[in-house]
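First comes the structure, then the notes that go with it.
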Amino acid sequence: DAKTTQPPSMDCAEGRAANLPCNHSTISGNEYVYWYRQIHSQGPQYIIHGLKNNETNEMASLIITEDRKSSTLILPHATLRDTAVYYCIVRATNRDDKIIFGKGTRLHILP
Amino acid sequence: EADIYQTPRYLVIGTGKKITLECSQTMGHDKMYWYQQDPGMELHLIHYSYGVNSTEKGDLSSESTVSRIRTEHFPLTLESARPSHTSQYLCASSDKAKGGNQPQHFGDGTRLSIL
Numbered sequence: 001d002a003k004t005t006q007p008p009s010m011d012c013a014e015g016r017a018a019n020l021p022c023n024h025s026t027i028s029g030n031e032y033v034y035w036y037r038q039i040h041s042q043g044p045q046y047i048i049h050g051l052k053n054n055e056t057n058e059m060a061s062l063i064i065t066e067d068r069k070s071s072t073l074i075l076p077h078a079t080l081r082d083t084a085v086y087y088c089i090v091r092a093t094n095r096d097d098k099i100i101f102g103k104g105t106r107l108h109i110l111p
Numbered sequence: 112e113a114d115i116y117q118t119p120r121y122l123v124i125g126t127g128k129k130i131t132l133e134c135s136q137t138m139g140h141d142k143m144y145w146y147q148q149d150p151g152m153e154l155h156l157i158h159y160s161y162g163v164n165s166t167e168k169g170d171l172s173s174e175s176t177v178s179r180i181r182t183e184h185f186p187l188t189l190e191s192a193r194p195s196h197t198s199q200y201l202c203a204s205s206d207k208a209k210g211g212n213q214p215q216h217f218g219d220g221t222r223l224s225i226l
């Protein structure tokens with residue numbers, strides 16, 4: 001799986017959009033970009049994933065650059081409950097044995 | 112919300128006891144996983160299963176064992192618990208039928224403390 005790079009921490013004001021970046025410059029053609037988050041003391045929660053097109057669901061939007069070397073997770077209206085560690089993961093479609101989470105970005109939503 | 116359940120949520124128990132951590136999912140997923148996570152640290156895969164009667168060891172060496180007799184159930188057992196087993200154990204599942212890009216869905220974990 002391609003390695004990802006994320007900032008260790010970010011702050012965002014409540015009600016504003018939270019934009020979480022991820023670099024994955026070694027991504028290959030069959031690898032998807034996944035985002036998970038982990039709220040303290042809970043299991044990781046799947047948010048969204050995509051291959052090359054931008055994706056949106058009820059939780060977030062995923063913007064993938066045209067060269068696929070980076071992506072941004074957007075939480076459109078952040079709330080205090082969005083405070084969590086956010087993990088960007090790149091994974092091939094034929095890899096079904098594990099997820100390597102890395103250290104992620106600790107997002108603090110400020111009231 | 113994903114329908115994957117882990118019990119107990121918390122367990123404090125003495126050294127030498129046999130422990131079974133339960134994990135069940137109602138989504139009919141073929142693939143199931145056990146991860147271990149220490150506070151503030153990364154998740155490490157310790158076991159996984161592709162379906163009934165399939166079990167594989169993960170990246171992190173673990174003294175635990177697993178079984179997969181039914182699709183929905185993937186229990187993890189420690190025959191003789193030691194303080195070094197103190198950690199959080201997370202169970203996950205994913206749908207094989209829809210292809211390899213399906214995400215994993217996690218339970219809320221069991222926080223295990225061995226005295």
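So the sequence lines, in the order shown, correspond to chains A and B. Numbering of the first sequence is given in the numbering used here, commencing with residue 1 and proceeding in unit increments. Numbering of the second sequence is given in the numbering used here, commencing with residue 112 and proceeding in unit increments. A virtual CB, placed ideally from N, CA and C, is assigned to each residue, including glycine.
Counting other Cβ atoms within 10 Å of its Cβ, Y144 (chain B) reaches 16 or more and is therefore classed as buried.
Against L201 (chain B), the close residues of chain A are G43 and P44, in the order they occur along the chain (beta-carbon pairs closer than 8 Å).
Under the 8 Å criterion on CB atoms, H216 (chain B) is classed as interfacial with respect to chain A.
Within the same chain, and ignoring the five residues on either side of R179 (chain B) in sequence, the residues whose Cβ sits closer than 8 Å to its Cβ are M143, S160, G162, V163, N164, S165, T166 and F185. Pairing K207 (chain B) with I99 (chain A), the inter-Cα distance amounts to about 15 Å. H158 (chain B) has B:W145 and B:K168 as its beta-bridge partners, per DSSP. Within its own chain, the residues whose Cβ lies closer than 8 Å to the Cβ of I89 (chain A), once the five positions on either side in sequence are excluded, are D1, T4, V33, Y34, W35, Y36, I99, I100, F101 and G102, listed in chain order.
Bounds of the beta strand (DSSP E) holding V85 (chain A) are A84 to A92.
Beta-carbon to beta-carbon, K69 (chain A) and S25 (chain A) are separated by about 4 Å, close enough to satisfy the 8 Å threshold.
Here S25 (chain A) carries a coil assignment [DSSP, helix/strand/coil].
Secondary structure at L226 (chain B): coil, using DSSP grouped into helix, strand and coil.
Residues of chain A whose Cβ lies closer than 9 Å to the Cβ of G220 (chain B) are, in chain order, S41, Q42 and G43.
Cβ-Cβ separation between S175 (chain B) and L187 (chain B): approximately 5 Å, consistent with a contact (criterion under 8 Å). The beta carbons of E14 (chain A) and L110 (chain A) sit about 6 Å from each other, so the pair counts as a contact at 8 Å. Residues A203 and S205 of the same chain have their beta carbon placed closer than 6 Å to that of Q215 (chain B), with the five preceding and five following residues left out of the count. Listed by position along chain A, the residues whose Cβ is nearer than 8 Å to that of L154 (chain B) are P44, I99 and F101. Apart from sequence neighbours up to five positions away, the residues of its chain that approach G104 (chain A) with a beta-carbon distance below 7 Å are Q6, V85, Y86 and Y87, ordered along the chain.
Of the residues B:P119, B:Q147 and B:L189, the one whose Cα lies closest to the Cα of S135 (chain B) is B:P119. For E58 (chain A), the closest alpha carbon among the candidates A:S41, A:H77 and A:C22 is that of A:H77. Spanning the alpha carbons of Q42 (chain A) and T221 (chain B) requires a straight line of approximately 9 Å.
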